[in-house]
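As given, the protein sequences belong to chains P and Z, one line each in that order.
Numbering of the first sequence is given in the numbering used here, commencing with residue 1 and proceeding in unit increments.
Numbering of the second sequence is given in the numbering used here, commencing with residue 603 and proceeding in unit increments.
Note that beta-carbon positions come from the ideal geometry of N, C-alpha and C, so glycine has one too.
In what follows, a structure is listed as structure tokens, so that the remarks can point back to it.
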Amino acid sequence: MTAPIADKVANDAHDHEESTRNLGAIAVLKRGVHESPELLRGFVLTAVMALSTAAGKLASPILISQVLDHGFTGGFQSRYVYTRVAVVAVLVVASWLLSQSTYRRVVLAAENSLYGLRVKLFTHIHTLSIADQSEERRGALVSRVTNDIEQLALFMEWGGVAWIRDTVQMLGAFIAMSLISGRLALVAFAVLIPMWPILRFLQKRMVVAYGNVRTGVGSLMSETSDFLMGSAVVRAYGIQDQSVKRVYAQIESVYQAKAYANRFSATIFPTGDLFGAIAVASVTAAGARWGFGWHVSFGNMVGFIFFINLFLEPLGELSEQFDQTQNAISSWRKILGVLDIPADVVEPIDGQSLAAGALAVSVRNVNFSYRTGGLVLDGITIELPAGSHTAVVGETGSGKTTFAKLLCRLADPSSGELLVGGFELRTVDPRSRRNAIRLVPQDGFLFATTIRENVRYGRDDATDQDVLDAFAQLGLADWANRLPDGLDTQAGERGDALSVGERQLVALARAQLSAPGLLILDEATSAVDPETDQALTIALARLGEGRTTVAIAHRLSTAERADSVVVFDKGRIVEVGHHEELVSAGGHYAKLYESWLGNTRA
Amino acid sequence: MSARPDLIDERISGGTDANVIRRGLRLVRMYIGWHPRVFAIAVTGAATYALMTVASTFVLANVIDRVLEPVLNGRPATSSISGLVTVMVLVAVIRSLGIVTRRTFAGFTALRSARSLQRLVTNKYAELPMKYFRTEPTGELLSHMEADVQSAIDVLHPLPYSTAVALLLAFSVVALIATDIYMAIIGCALLPVIMMMNHVFTKKYEPVSLLAQDRIGQVSAVAHESFDGALVVKTLGREAQEAERLSGHADLLRQARLAQGRLRAGFEPTLSLVPEIGALALIAMGSWRVSTGDITVGKLAQFIFLFNLLAFPLRLIGWFLADLPRSLAAFQRIDAVLKTTNELPSPRNPLPIPSGALGLDVHNVHFRYDSTPVLGGVNFTVQPATSVAVVGATGSGKSTLAQLLVRLDDPAGGHIAVGGTDLRTIDPASRASAMSLVLQESYLFVDTIRYNITLGLDVSDEAIRNAARLAQADRFIDRLPNGFDTAMGERGVTLSGGQRQRIALARALVRKPRLLILDDATSAVDPTIEAAILAGLRSELSTTLVVVAYRLSTITLADQVVFLENGRITASGTHRELLAYEPYESMVRAYETSAADMADAGVDHE
């Protein structure tokens, strides 16, 4: 049994992502800004915006204290009061205008850098080796381009801006408080400082509690999905009641987890609020008791109370930012980790063009190993004449899929020579290579568009007639006509609207369209219904006519029909020859053949 | 509590009322009606908070006028300092308790409503017919269960706070008017401005934000598809086109985000501008009123404080109104599920199933999926304790027929009798214990192998082992890390298709069914093992057997063969007799050739 090429390989992409794992938050920021230089501009703009917003907010308490101290001494000083009000009004409006325009630029800088990073990341992922794109990694890769970038977007739009704005506001309030009276400020902070560890403690507990909620919701979803996916079994065996009970139990545990987590979110905010109020009360008491002696004026005292509120206002927001920021940094780290994985295959400039017609393959002393790990191919040497049909057999892990991979340059040999059509494969122009060497993968992935478009992907300049011809040449015209909308039938997501066998038929037509001189076929392992199977057999035979073919064979008939069978074992070629010869030779292949027979003709 | 479906207000999604807000409020009223007590406590907490907030500004005014102003200007305080400070702290404590109460019980209201909805959905999923699951994607059904339920109750989260804000607003306006009418006019003139701004912003922002959400989905879909097809992209050299496709969608997303950002850039600074301007106006007006002796400086400070306190929470009311249509839409999606009628009614006077191996009588059975006819008058009978093989090309209706036999659906015409009794009148529990269906891809639950065999049935270990032995599954199960207690989906436990099929078979056999239907249930099992299974079934079980099969070896074992073509039985008899019928003969031969060729492939040899 052979897994598809894409996920077979033990991959080392993890290790590369690991390389950024130890990067500290500051280092991540540095690297991140290096990748997206627009961010630096965004940072400066945000700082300007924060300063202007803070100026607007700090203006009115200053005004109040001035009015209270000087506005009423010796009768109502209306000129003093109104000119100051007018000055502050102008200041406030100016700060508003400045904030608006810088905010817009901040957004622009953030969105442009996110867009750039997303496209860069996506493009980079497609240059990675097939090993790095293996099936188990795929979900993670999608997540880098979507969830992780979204985390970053959230951070740039809210979190990052909040950090800068809130820090500036708190700093401004702090400076104002200290200027009014260092002693009063000390009193205020003596009360406020213990609040911080308490809030952080609650916050941490809350994060853990919400983590449990997420786990609970996950279990609820998997229990429900079990219940839904197994609906036929549930009904056929009449176990509705007990299935409902199982789902109910999960609903209950999610409820309990959420109720528990809610306790923390219900307490955190009022805790901060209470501390703020106590700080105001303490400052008032201190001011009343010692203020006169400390030379705190009445106006400044009232202003001080306002400043305490300005200082506390951002705290709620900031404490929420902590976890969001941590998420964003870890997302950023993961994104940078992917960008660090080197591209696998470097294309030549001014490469050679392969001639039309069947291509000979010459493999000389080729070794291959992944970036980490031992030899996967060990001294492979073989000549495949133009127009020959070769079947490659071997157990999982024998190296046969890696061999096929090298033939279409999904990876380069670590050493040795690989010539196709007389040219070293590394020197062949990528366009020419892709048209002349065609791999038909076993999973028959199709894009979510029409069958016609899917086939046309085989050659961009193909006309509708070319597509029709490709089907006709493979004897698939009838099959195509029987589809609900003919070639305009939608293939569905990943080709799900078609059966595995039918998807392969489309993949074969796609290969036919580009008239390759070397065809590499990874045979499907899953069972195909008899009708489609016959169509496949015929189409394959016609597709192979006049071309060099290499099939990773799972079918006895493929091996029987091939001009020669190449047997792989532990990264080496152990036998080469025609089916009959190898059977009578009594070696590896003969054993394989025996188990084949035992299984099918019992 | 567990709410019953008749607790659902039909006017929310069923009525003719086009007013979204009114229907949304009905939805809210329905939730409150489910859990009135917790909600009442939440609102009490909210009212306490509002009252104490206004009270705290009065205390502050007093502190300024009676303590700070005289003391800092070198005169004695006119009130007890410690008394006022104590009141300040006390008010703050009560206020905080109000917030805690509100948040805690608002949480309970929402969580309990969600739990009630989830239970209703679960009950419905248990009774809906198979047909429903064939047409609705699992992802969608899952989202009714969690995402939709969360959205449907989202409106409850800001509700108690919005109530608090409304109360706070009312108290403040009263306080303002009672103190000074001039100041009240300025304050009250600005509050509606803030509310209006919020309203306009929310209205403009909502569609853009939905658009952005939608485009995130598109970007994610492109990335998903593209990476899934990475191998194809690579071999076809379509990397550049794929990058272009993604950057197109990413650009659309950027545009939507920029539109969002522009709105925020306009709104956020303005939102803080209005209270700042308001504070300036209050200072200007207030200092004049102070100079005329109409108000004290304490009152002036109090007004500015109140005004600052109100500016932010006013946004909440906007959020509540914005959440309303979204919650309503989510509830309607759930309600649509709850309203689906069960097309497989339980029999009113359920009949028990007779004992012993069961005969089967399929009489003129018709069936269609939507408008596509699948079965057009199928007739055949099976004598008790004999076996029949159902043979036919792909799409001939074999699997549909198999599912009708255990009443996963009812025939559109004709009837099916088991042991002489119409399937529709048989007691469901008795049916489930007497008949078993094994599908080609029988679902295995994410639980232990033991559970997957018993499905909660109370049977001895010996019976489980025996069933597994008959299904030729005992040997590989014994080799698993925890034997029968190995959990499916556990790390490192991967079962082949054939092994999964054999567990599903053991599940049927442990019940000692008197009618056993195998729908291509051993297709991935090694033919030699399959032969052993069938031999075991014949010698050790007294059951009537219906097999849908491809393999010649399976077909030849049956006492009788029925041949399905385009939803009808065109030939029946023994395999040998049917070989004279050309379409049958050629199809069976085609099966045989391809089966022989499927070398090492999908088949497992343990």
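- Burial state of F201 of chain P is exposed, judged by a 10 Å Cβ sphere holding fewer than 16 other Cβ atoms.
- Rounded to whole angstroms, the gap between the alpha carbons of A480 of chain P and L474 of chain P is 11 angstroms.
- Note on geometry: alpha-carbon atoms of L1097 of chain Z and Q1005 of chain Z lie some 25 angstroms from one another.
- Of the residues Z:L674, Z:L860, Z:L662, the one whose Cα lies closest to the Cα of V693 of chain Z is Z:L662.
- At least 8 angstroms separates the CB of V500 of chain P from every CB of chain Z.
- With 16 or more other Cβ atoms from the protein chains shown falling within 10 Å of its own Cβ, A716 of chain Z counts as buried.
- DSSP places D963 of chain Z in the strand class (E or B) of the three-state scheme.
- Against chain P, the beta carbon of F735 of chain Z has neighbours under 7 angstroms at L228, S231, listed in chain order.
- If you look at I1055 of chain Z, you'll find it in the alpha helix (DSSP H) that goes 1051 to 1056.
- Membership of M1037 of chain Z in the beta strand (DSSP E) is indicated by the continuous run 1037 to 1040.
- At least 8 angstroms separates the beta-carbon of V506 of chain P from that of I552 of chain P.
- Counting along the chain, G544 of chain P sits inside the alpha helix (DSSP H) bounded by residues 530 to 544.
- Across the structure, A94 of chain P and P877 of chain Z are spaced so that their CA atoms are roughly 15 angstroms apart.
- In this chain, the beta strand (DSSP E) harbouring S1174 of chain Z covers 1170 to 1175.
- Contact holds between the stretch 547 to 567 of chain P and the stretch 398 to 415 of chain P, because three or more Cβ pairs, one in each stretch, are under 8 angstroms apart.
- Note that the C-beta distance between D461 of chain P and G501 of chain P is not below 8 angstroms.
- Judged by DSSP in its simplified three-state form, T123 of chain P adopts helix.
- Taking a C-beta distance under 8 angstroms as the contact criterion, Y633 of chain Z and R704 of chain Z do not qualify as a contact pair.
- The DSSP-derived three-state label of L384 of chain P is strand.
- Along the stretch 416 to 469 of chain P, the alpha helix (DSSP H) occurs as fully enclosed runs of 4 or more residues at 430 to 436, 451 to 456, listed in sequence order.
- Collapsing the DSSP output to three states places E575 of chain P in a strand.
- Under the 10 Å beta carbon count, A1014 of chain Z is surrounded by fewer than 16 other beta carbons and is classified as exposed.
- Close to chain Z, meaning a Cβ-Cβ distance shorter than 7 angstroms, are the following residues of the stretch 404 to 419 of chain P: C408, L410.
- In terms of beta-carbon proximity, Y210 of chain P stays away from the interface with chain Z, with every pair separated by 8 angstroms or more.
- Proximity of T549 of chain P to chain Z, defined by a Cβ-Cβ separation below 8 angstroms, is not satisfied.
- Close to chain Z, meaning a Cβ-Cβ distance shorter than 9 angstroms, are the following residues of the stretch 146 to 164 of chain P: T146, N147, I149, E150, A153, E157.
- The CB of P37 of chain P never comes closer than 9 angstroms to any CB in chain Z; the least such distance is about 17 angstroms.
- When DSSP states are grouped into helix, strand and coil, D340 of chain P belongs to the helix group.
- DSSP places G303 of chain P in the helix class (H, G or I) of the three-state scheme.
- Neighbours of L609 of chain Z across chain P, judged by C-beta separation under 8 angstroms, do not exist; the nearest C-beta is about 17 angstroms away.
- Contact annotation for R431 of chain P against chain Z: G839 [CB-CB distance below 8 angstroms, chain order].
- For V751 of chain Z, the closest alpha carbon among the candidates P:H126, P:V217, P:L154, P:R409 is that of P:V217.
- If only uninterrupted alpha helix (DSSP H) runs of at least 4 residues are considered, those enclosed by the stretch 739 to 780 of chain Z are 740 to 747, 749 to 756.
- When the Cα atoms are used, L792 of chain Z and F307 of chain P turn out to be separated by approximately 23 angstroms.
- Beta-carbon to beta-carbon, D148 of chain P and S36 of chain P are separated by about 14 angstroms, too far to satisfy the 8 angstroms threshold.
- Distance from the CA atom of I125 of chain P to the CA atom of G139 of chain P, rounded to whole angstroms, is 12 angstroms.
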